[in-house]
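What follows is one structure encoded as structure tokens, with my remarks underneath.
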Amino acid sequence: SPPPAPTPAANPSPEEPPLKPLSDREREILQLIAKGVSNSEAARLLTLSKATIRTHLEHIYRKLEVTNRVEAVTEGIRKGLISV
Numbered sequence: 259s260p261p262p263a264p265t266p267a268a269n270p271s272p273e274e275p276p277l278k279p280l281s282d283r284e285r286e287i288l289q290l291i292a293k294g295v296s297n298s299e300a301a302r303l304l305t306l307s308k309a310t311i312r313t314h315l316e317h318i319y320r321k322l323e324v325t326n327r328v329e330a331v332t333e334g335i336r337k338g339l340i341s342v
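When we follow our numbering, the leftmost residue of the sequence shown carries the number 259, and every step to the right adds one.
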């Protein structure tokens, strides 16, 4: 009998696009986070409030389907959204 067809999970495609693309601002913030910049410092650098940075991070987490900064940076790099 023929071998079973591979499941999609067994062959993840590196070209697979993110569920929802990040906005330019979200990518900019994710890039800063990847460099180890704090929310406060990111807010200062981008002349935004800390609350705005937090909101952007929540959107990034949701779009990348992650729950923290480390996972967000890891996924961002894996998907080619940011570089370190």
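We put the CB at the ideal spot given by N, CA and C, even for glycine. Remember, it's a predicted structure, so these values are computed and weren't measured experimentally.
- As the crow flies, the alpha-carbon of ASP282 is around 17 Å from that of SER307.
- Around the C-beta of ALA330, 16 or more other C-beta atoms lie within 10 Å, and the residue is accordingly described as buried.
- Taking the C-beta atoms as reference points, GLU284 is found nearer than 8 Å to ILE318.
- Taking a C-beta distance under 8 Å as the contact criterion, ALA301 and ILE311 qualify as a contact pair.
- Note on geometry: alpha-carbon atoms of SER341 and GLN289 lie some 7 Å from one another.
- The Cβ neighbour count for LEU339, taken over all protein chains shown within 10 Å, is at least 16; the residue is labelled buried.
- When the beta-carbon positions are compared, VAL324 and GLU316 stay at least 8 Å from each other.
- Between the C-alpha atoms of VAL328 and THR305 there is a straight-line separation of about 24 Å.
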